[in-house]
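Here's the structure we're looking at; comments come further down.
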Amino acid sequence: MLKPKMLENQQDFHCQNKHDSPIHLIVIDPNLDKKQRLLCSECMENFKSEDETMEFKKVIKIIEDIIEKKARSFENIYQLTVQQLQTCVKSVQELKTQFMELFDSLIRITEDWSQNLLEQVQKCNQYSFYDELKILIIKIKFNLRRQNHNLLKSVVLISHNKVKQIIKQNKINLSYILTKVISISSELINRLNKAWQHVMQQFLILQGQLWYQPKKLILKYGSLQMENQNQQKY
Numbered sequence: 343m344l345k346p347k348m349l350e351n352q353q354d355f356h357c358q359n360k361h362d363s364p365i366h367l368i369v370i371d372p373n374l375d376k377k378q379r380l381l382c383s384e385c386m387e388n389f390k391s392e393d394e395t396m397e398f399k400k401v402i403k404i405i406e407d408i409i410e411k412k413a414r415s416f417e418n419i420y421q422l423t424v425q426q427l428q429t430c431v432k433s434v435q436e437l438k439t440q441f442m443e444l445f446d447s448l449i450r451i452t453e454d455w456s457q458n459l460l461e462q463v464q465k466c467n468q469y470s471f472y473d474e475l476k477i478l479i480i481k482i483k484f485n486l487r488r489q490n491h492n493l494l495k496s497v498v499l500i501s502h503n504k505v506k507q508i509i510k511q512n513k514i515n516l517s518y519i520l521t522k523v524i525s526i527s528s529e530l531i532n533r534l535n536k537a538w539q540h541v542m543q544q545f546l547i548l549q550g551q552l553w554y555q556p557k558k559l560i561l562k563y564g565s566l567q568m569e570n571q572n573q574q575k576y
């Protein structure tokens with residue numbers, strides 16, 4: 343994990359009186375302007391206030407400890423969420439593969455169907471002169487009617503079988519895919535809900551720590567400072 347990095351440059355910090363001296367103390371007063379809270383060594387000579395103060399380096403240390411703790415918490419949340427999302431992506435990719443296989447199967451069935459119909463058409467266009475002449479002479483009306491009936495029956499039978507094949511295969515595939523979609527969607531929603539609940543829980547814990555820790559450290563530091571002042575009086 344990276345070390346906390348301050349956006350500002352410490353050398354650019356100046357007290358409200360703009361003394362050319364490093365900052366030593368921070369006035370713990372929320373009502374002051376951000377620059378009025380900074381005191382250098384020259385400001386400290388004439389500073390009189392009942393407000394608590396804290397060493398500049400101590401404040402930086404407290405802030406960086408808070409930032410590091412927050413960064414660790416968010417890093418854990420990030421890793422957990424990424425793992426959940428990767429699992430979801432894998433499930434969606436599996437579903438995509440199944441859909442592609444179904445589409446390929448439908449394309450093959452329709453291509454075979456077209457090819458069979460073409461073969462039937464080509465077969466109708468081929469004939470033997472002697473055979474057809476014999477049929478024409480002997481049973482012209484009967485055979486012609488029967489031939490047409492057989493041709494129509496053959497085309498209807500092929501079409502019917504192909505339709506049944508498509509309906510049967512699609513029914514199986516679509517039923518399986520629908521079940522898979524419902525299962526993956528439910529799993530995806532549950533995982534995202536759990537990840538979101540974990541994120542919110544960690545955020546509330548972190549928010550409470552960020553509010554309580556600085557106040558506790560400041561009160562502790564103020565108490566120590568008052569004890570030092572009382573000892574110096576005696």
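Using our numbering, the first residue of the sequence shown is number 343, and each one after it goes up by one.
For each residue, glycine too, the CB sits at the ideal point set by N, CA and C.
Remember, it's a predicted structure, so these values are computed and weren't measured experimentally.
(message) Out of 362, 469, 392, which one is the CA nearest neighbour of residue 384?
(response) The sequence position of residue 384 within the sequence shown is 42, counting from 1. Closest by alpha carbon: 362.
(request) Can you grab the Cα-Cα spacing for the pair residue 449 / residue 424, in whole Å? (result) What you label residue 449 is simply residue 107 of the sequence shown in a count that begins at 1. What you label residue 424 is simply residue 82 of the sequence shown in a count that begins at 1. The straight-line gap from Cα to Cα measures roughly 37 Å.
(request) Indicate the three-state DSSP secondary structure (helix, strand or coil) for residue 349 in the structure shown. (result) Stepping through the sequence shown from its first residue, residue 349 is reached at position 7. In the structure shown, residue 349 sits in coil (DSSP, three-state: anything other than H, G, I, E or B).
(request) Measuring only between beta-carbons, confirm whether residue 452 sits less than 7 Å from chain B. (result) The structure shown contains no chain B; it holds only a single protein chain.
(request) In the DSSP assignment, find the unbroken beta strand (DSSP E) run with residue 380 in it and report its ends. (result) By one-based count along the sequence shown, residue 380 stands at place 38. Start and end: 380-382.
(message) Suppose the cutoff is 6 Å on Cβ atoms and the five residues either side in sequence are ignored; what does the same chain contact list for residue 373 look like?
(response) On the sequence shown, position 31 is the one that residue 373 refers to. There are no such residues.
(message) Can you check which of these residues, 454, 413, 381, 431, is closest to residue 394 by C-alpha distance?
(response) Position 52 of the sequence shown, counting from 1, holds the residue named residue 394. Cα-wise, what sits closest to residue 394 is 381.
(message) Counting C-beta neighbours from all protein chains within 10 Å, is the total for residue 466 16 or more, i.e. buried, or is it exposed?
(response) Residue mapping note: residue 466 aligns to position 124 of the sequence shown, counting from 1. Flag for residue 466 reads exposed.
(request) Mark residue 475 as exposed unless 16 or more other C-beta atoms lie within 10 angstroms of its C-beta, in which case mark it buried. (result) Translated into the one-based positions of the sequence shown, residue 475 becomes position 133. Residue 475 should be labelled exposed.
(request) Assuming residue 378 contacts residue 358 (C-beta within less than 8 Å), just tell me the rounded distance between them. (result) On the sequence shown, position 36 is the one that residue 378 refers to. On the sequence shown, position 16 is the one that residue 358 refers to. Contact holds; Cβ gap of about 5 Å.
(request) Pick helix, strand or coil for residue 374, following the three-state DSSP scheme. (result) Reading the sequence shown from its first residue, position 32 is the one you call residue 374. Coil.
(message) Taking the straight line between their C-alpha atoms, what separation do you get for residue 435 and residue 349?
(response) Position 93 of the sequence shown holds residue 435. Position 7 of the sequence shown holds residue 349. Distance between the alpha carbons of residue 435 and residue 349: 42 Å.
(message) Could you pull the DSSP bridge partners for residue 369 from this structure?
(response) Within the sequence shown, residue 369 is the residue found at index 27, counting from 1. Bridge partners of residue 369: 395.
(request) Let me know the secondary structure DSSP gives residue 360 once reduced to three states. (result) Indexing the sequence shown from 1 puts residue 360 at position 18. Coil, per DSSP.
(request) Kindly provide the ranges of any alpha helix (DSSP H) runs that are 4 or more residues long and lie completely inside the segment 411-487, ordered along the chain. (result) none
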